[in-house]
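Novice:
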Amino acid sequence: MVNSNIFGYHSSFYYCGLGHLIVNMHRYIKDGADKGEKIYICTEDRIYFKLLEYLGEYNKYIEYFDVINMMDYYKKMGLRKVKVKLSKCIGQNIEKGYTGARFIMQIGYVISRTSAEDFLYFDKNISNIILGTRASFMCVYDFEDYLNNKNFINDNIIRESYKNHFFRLYGGKLKKWDELLNLK
Numbered sequence: 001m002v003n004s005n006i007f008g009y010h011s012s013f014y015y016c017g018l019g020h021l022i023v024n025m026h027r028y029i030k031d032g033a034d035k036g037e038k039i040y041i042c043t044e045d046r047i048y049f050k051l052l053e054y055l056g057e058y059n060k061y062i063e064y065f066d067v068i069n070m071m072d073y074y075k076k077m078g079l080r081k082v083k084v085k086l087s088k089c090i091g092q093n094i095e096k097g098y099t100g101a102r103f104i105m106q107i108g109y110v111i112s113r114t115s116a117e118d119f120l121y122f123d124k125n126i127s128n129i130i131l132g133t134r135a136s137f138m139c140v141y142d143f144e145d146y147l148n149n150k151n152f153i154n155d156n157i158i159r160e161s162y163k164n165h166f167f168r169l170y171g172g173k174l175k176k177w178d179e180l181l182n183l184k
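Quick look at the structure:
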């Protein structure tokens, strides 16, 4: 990846099939680990363990995290307290030698455990939560679900994702959304 510093980025990736997700997240996770970042992943088990299988030696940088707890805490305590808690977590990681944190969240999985409304409430504020921290947040959307079923990823979720994410993973690099409009 070319992006040297992605702290503060609230980005998205739209995948079609498990293979597409694994290949792209493998590169994204490896890039963060090579930069000394702690990688927090919230996905369904089969995806989490498949990533671990392919990442091998990079597994020491990876930890499962339950974003549902963070979402509940945000609903109860608000932006300021979540930022304080996140800053404390990042500070502890820096004390352990990490340079920051990358959070990766599988949106269909999160919605299946909460609701579309709860996810959207949280997602619209992620940029504010990570602003000024040594953290980035990647939301991954199952575009196959959107095209075929709309079980979790529906028109509203996609529309809001375009509003909330200023960066998208494209061709192995994070690009500002408006740069993607000018691709040739």
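Numbering-wise (full-length UniProt numbering), the sequence shown opens with residue 1 and increments by one. The beta-carbon is built from N, C-alpha and C at its ideal position, and this holds for glycine as well. This one's a predicted model, so the numbers in the text were calculated from it and none came from an experiment.
For H165, name the three-state secondary structure that DSSP assigns.
Specialist: Residue numbering aside, residue 165 sits at position 165 when the sequence shown is read from its first letter. Residue state, collapsed to three classes: coil.
Novice: Quick check on DSSP: helix, strand or coil for R113?
Specialist: Looking up residue 113 in the sequence shown gives position 113. In this structure, R113 counts as helix in the three-state DSSP scheme.
Novice: Determine the direct distance from the alpha carbon of S11 to that of L147, and round the result to whole angstroms.
Specialist: The count along the sequence shown starts at 1 and reaches residue 147 at position 147. The count along the sequence shown starts at 1 and reaches residue 11 at position 11. Their backbone Cα atoms lie some 21 Å apart in a straight line.
Novice: Classify residue 190 as buried or exposed, calling it buried when 16 or more other Cβ atoms lie within 10 Å of its own Cβ.
Specialist: Nothing can be reported for residue 190, as the shown portion of the chain is limited to 1 through 184.
Novice: Within the chosen definition, does the segment 112–120 reach the segment 78–93 through at least 3 CB pairs nearer than 8 Å?
Specialist: Verdict: no, contact absent.
Novice: Whole angstroms are fine: how far does the CA of I62 sit from the CA of G36?
Specialist: Indexing the sequence shown from 1 puts residue 36 at position 36. Indexing the sequence shown from 1 puts residue 62 at position 62. For G36 and I62, the distance between alpha carbons rounds to 11 Å.
Novice: Please name the residue or residues paired with L174 in a DSSP beta bridge.
Specialist: As a working note, residue 174 is residue 174 in the sequence shown. In DSSP, L174 forms a bridge with L169.
Novice: Does C16 come out as helix, strand or coil in the three-state DSSP assignment?
Specialist: Your numbering for residue 16 matches position 16 in the sequence shown. Here C16 sits in coil by DSSP.
Novice: Which ranges does the alpha helix (DSSP H) cover as unbroken runs of at least 4 residues, wholly within the UniProt domain "MEDS" (10–145), from first to last along the chain?
Specialist: Whole alpha helix (DSSP H) segments, 4+ residues: 18–34, 45–55, 67–77, 79–95, 107–113, 116–123 and 126–130.
Novice: Count the other CB atoms, across all protein chains shown, that sit within 10 Å of the CB of D145; report buried if there are 16 or more and exposed otherwise.
Specialist: Looking up residue 145 in the sequence shown gives position 145. So D145 counts as buried.
Novice: Does the beta-carbon of Q106 have 16 or more other beta-carbons within 10 angstroms, so that it is buried, or is it exposed?
Specialist: Here residue 106 refers to the residue found at position 106 when the sequence shown is read from its first residue. Its Cβ being crowded by 16 or more others within 10 Å, Q106 is buried.
Novice: For the candidate residues I129, N125 and K150, whose alpha-carbon lies nearest to that of K163?
Specialist: Locating residue 163 in the sequence shown gives position 163, counting from the first residue. Per the Cα distances, N125.
Novice: When the distance is taken between beta carbons, is I39 closer than 9 Å to Y102?
Specialist: What you label residue 102 is simply residue 102 of the sequence shown in a count that begins at 1. What you label residue 39 is simply residue 39 of the sequence shown in a count that begins at 1. The amino acid at residue 102 is misidentified as Tyr; the sequence shows Arg. Yes, the pair counts as a contact, with Cβ atoms nearer than the cut-off.
Novice: Considering only residues of the same chain and omitting the five flanking positions on each side of Y58, which have a CB-CB separation below 7 Å?
Specialist: The residue labelled residue 58 in the question sits at position 58 within the sequence shown. Correct list, in chain order: I29, K30 and A33.
Novice: Is it true that the segment 6–21 meets the segment 164–176, where meeting means three or more beta-carbon pairs spaced less than 8 Å apart?
Specialist: The segment 6–21 vs the segment 164–176: in contact.
Novice: Measure the alpha-carbon distance for H20 versus I68 and round it to whole angstroms.
Specialist: One-based indexing of the sequence shown puts residue 20 at position 20. One-based indexing of the sequence shown puts residue 68 at position 68. Straight-line Cα distance between these residues: approximately 25 Å.
Novice: Using the three-state DSSP reduction, which class does I153 fall into: helix, strand or coil?
Specialist: Along the sequence shown, one-based indexing puts residue 153 at 153. Reduced to three states, the DSSP call for I153 is coil.
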